[in-house]
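Let me begin by presenting the structure, written as structure tokens, before commenting on it.
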Amino acid sequence: MAEHDRPDLIERHGRQERLQHWVVALLFLLAAASGMALFHPALFWLAAVLGGGTWSVILHPFVGLAMALVFARFAAPQWGDNRLLPNDRVWLERLREVIEGRDEHLPEVGKYNAGQKVLYFVMVACVAVLALTGLAIWRRYFAGGLPVGVVRAAALLHALAAFVLVLGAVVHVAAALWVKGAVGAMTRGTVTIGWAWKHHRAWFRQMIRPTGGR
Ligand code: HEM
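Numbering (this note's numbering), first residue to last: 928 to 1141.
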């Protein structure tokens, strides 16, 4: 039976969304590796990812900008699903139950839980700061026309935002691997009814309405 005919599966992420997500993930790895290589000599070995030091200097800004653009296309339509609601505070206050997997002690969760929502806004803020400060410190095109103080402040903010985004991505990947069945949501695009009921019950109820969640 073709996967889309299986009555026990619900679509969570469409084809285009999944493609955008994995392009962002790949560009993120390339930008993060080449960025760290340029940040500190101890991490210079990572420059090999983009073909050496010179190529890292040339390509890092283009890879980063491409990541920011694809990320904007991917993340903008999800803004509404990530809006924080009163129940999200309760969810965050009961993190212990979350970690112990006692979802029945938590408020019903919509498409994304409060942890995912907070991380979403952290990622949006970091990518925006990285893109803006990255342009400001891009010597070849922009940095020359800006006061040196602005370029220095931008360089500092760029490194800070990169650090937070890398930490955020580590938490994101760990959470995706930890919640069994979550990775399939972004590879196949579907989750089981049981998974939706356990982890995102309010979203599940919305999806089984005759309008199919629309
Ligand atoms: C190998 C790396 C990655 C893995 C394994 C991964 C895994 C996943 C999975 C499984 C989901 C679906 C979660 C769900 O439907 O509940 C997801 C969603 C998402 N991912 Fe990733 N991801 C990776 C890298 C990234 C990177 C680098 C970014 C951004 C810089 C990112 C941003 C997002 C966002 C914004 C969502 C939507 C969730 C939300 O809006 O709260 N991911 N990811």
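Ideal Cβ placement from N, Cα and C applies to all residues, glycine included.
Taking the Cβ of Y1039 as the reference point, at least one heavy atom of the ligand HEM falls within a distance shorter than 8 Å. Nearest Cα to A1081 within the set A1103, G1095, C1053 and R1010: C1053. In this structure G1111 touches V1118 by the C-beta definition: roughly 7 Å separates them, less than 8 Å. Between L1057 and A1096, the C-beta spacing is not below 9 Å. Only residues of its own chain outside the window of five on either side were considered, and among them A1041 have a CB closer than 6 Å to the CB of L1019, listed in chain order. For E1027, the three-state secondary structure derived from DSSP is coil.
Classified as exposed, P1074 has fewer than 16 neighbouring CB atoms from the shown chains inside 10 Å of its CB. Of all alpha-carbon atoms in V1051, A958 and G962, the one lying nearest the alpha-carbon of F1001 is that of V1051. Look at V1118 here: in three-state DSSP terms it is strand. A distance below 7 Å between beta-carbons, with the five flanking residues on each side excluded, links P1034 to the following residues of its chain, in chain order: N1014, V1017 and W1018. In the structure shown, the three-state DSSP call for E944 is helix. If you ignore the 5 residues before and after W972, its C-beta comes within less than 8 Å of the C-beta of A964, all in its own chain and listed in chain order. For R1067, same chain residues with a beta-carbon under 7 Å away, outside a window of 5 residues either side, do not exist.
Where I937 is concerned, the enclosing beta strand (DSSP E) starts and stops at L936 to E938. In this structure, Q1133 has its beta carbon at no less than 8 Å from each heavy atom of the ligand HEM.
When secondary structure is reduced to three states using DSSP, V1056 falls in the helix class. Under the three-state reduction of DSSP output, T981 falls in the helix class. Restricting attention to F998, L953 and W1105, the CA atom closest to the CA of V976 is found in L953. In the assembly as shown, R939 is a buried residue. Its beta-carbon has 16 or more other beta-carbons within 10 Å. In this structure, the ligand HEM has no non-hydrogen atom nearer than 8 Å to the beta-carbon of A1129. Counting C-beta atoms within 10 angstroms of its own C-beta, L1012 has fewer than 16 neighbours from the protein chains shown and is therefore classed as exposed.
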